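Notes follow once the structure below has been shown.
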Amino acid sequence: MVAIDVGNSRIKLGLFEKNGRARSERRLPEYLRSMAVEVDAAVPWHELARWTKKIDGEVVAVILGGVNPRGRDKVLDGWPATGWPNPQVIDNPFVLPIELLVDSPRTVGVDRLLNAVAANVIRPPESPMIIVDSGTATTVDVISTTGAFEGGAILPGFQLCSQALHQYTALLPRISNDEIVGEPPAALGKNTRDALRSGLFWGQLGAIRELIRHLRETLPAEATIVVTGGAGRLIAPQLPGALHHPYLALQGLVIVGND
């Protein structure tokens with residue numbers, strides 16, 4: 028099975044075994060291959076074809092989701108004539124195997140809900156969970172003790188903050204995504220670029236920690252933290268006890284496709 032998650036900045040693709048993992052095992056589907064490309068770049072379909080040849084397998088299902096309609100249409104319009112099945116598009120929250128305890132389910136980004144579907148597989152019984160997804164926008168969401176999606180918070184991610192500082196000031200340079208999501212910067216910046224890197228990283232982390240603290244106060248039991256998204260590998264070590272699953276939305280798509 029091929030899973031495709033179209034985000035605001037990147038398209039994530041993963042190759043999985045169909046029905047390779049039962050939810051009752053409390054283990055997430057394991058990806059055989061994965062990649063991410065910029066949303067404006069050409070999708071390397073030839074690379075996907077090579078993946079399937081290497082594992083001597085056949086693509087029997089393709090499932091597509093994401094929060095970027097333009098990017099999603101780009102994937103569908105450019106779908107290669109490889110003999111693969113056409114993608115099953117997930118854009119209706121009510122087809123997902125999760126209860127939605129929010130005011131307007133149709134306006135919730137499907138990536139947040141797919142994260143929750145996947146996180147529910149590894150959520151300890153009778154325990155809540157907090158999901159941190161660090162992408163173009165950062166989301167901090169709550170799953171209840173019964174596995175329902177309860178909502179959360181949305182804030183600008185690293186790159187949006189960097190872009191805003193550059194665009195709305197006269198002299199501040201734009202810090203590239205690679206500069207932000209490399210290694211955690213020193214808090215004390217000795218020049219403008221390092222000061223920006225410090226503020227972007229530690230400011231983002233501080234906001235996430237504060238949101239987690241406040242959300243925990245609303246929960247009836249101790250919450251497990253799971254971190255995903257492009258900057259997740261840097262965020263997760265800064266949150267004691269947090270789990271890191273970089274492709275949670277892709278795994279959520281596979282779970283939906285296997286149902």
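Quick note, in this note's numbering, the sequence shown goes up one by one and the last residue is 286. For every residue, glycine included, the Cβ atom is placed at its ideal position computed from N, Cα and C. Owing to the predicted nature of the structure, the values given are computational and were not obtained by experimental measurement.
Rounded straight-line distance, which links the Cα of residue j to that of residue i
i    : j    : result
G178 : L123 : 15 Å
S61  : E74  : 10 Å
N147 : P200 : 41 Å
I282 : H272 : 15 Å
D205 : P267 : 24 Å
E237 : Q265 : 13 Å
T173 : L127 : 11 Å
S225 : A180 : 23 Å
I125 : E65  : 30 Å
A214 : W229 : 7 Å
Sub-8 Å separation of residue i and residue j beta-carbons
i    : j    : result
T165 : L182 : yes
K42  : W78  : Checking the displayed sequence, the identity of residue 42 turns out to be Leu instead of Lys. Yes; because the gap between Cβ atoms is below 8 Å, this pair is in contact.
V137 : D118 : yes
V94  : G34  : yes
L91  : P114 : yes
I149 : T255 : no
V29  : V86  : yes
V135 : P155 : no
I235 : I207 : no
S36  : Q186 : yes
L242 : V167 : yes
Run of the beta strand (DSSP E) containing residue i, from where it starts to where it stops
i    : result
S161 : 156–161
T255 : 251–255
T165 : 164–170
F176 : 176–183
Classification of residue i by the beta-carbon crowding that lies within 10 angstroms, buried from 16 upward
i    : result
Q278 : buried
S189 : buried
Y274 : buried
N142 : buried
K39  : buried
S161 : buried
L140 : buried
R195 : The residue asked about is misnamed: residue 195 is Tyr in this sequence, not Arg. Looking at its Cβ environment, which holds fewer than 16 other Cβ atoms inside 10 Å, Y195 is exposed.
F121 : exposed
A248 : exposed
P152 : exposed
G257 : buried
G184 : buried
G259 : buried
A145 : buried
R53  : exposed
C-beta neighbour in chain B for residue i, strict 8 Å
i   : result
K45 : This model lacks chain B altogether, as it is built from one protein chain only.
Beta bridge counterpart(s) of residue i as assigned by DSSP
i    : result
E65  : R37
Q115 : I90
L238 : Partner(s): none; L238 has no beta bridge.
Y58  : F43
I31  : L40, L91
For residue i, the first and last residue of its enclosing alpha helix (DSSP H)
i    : result
L103 : 96–104
E206 : 204–207
V70  : Element bounds for V70: n/a, residue is neither H nor E.
N147 : 137–149
G259 : 259–262
G284 : 275–285
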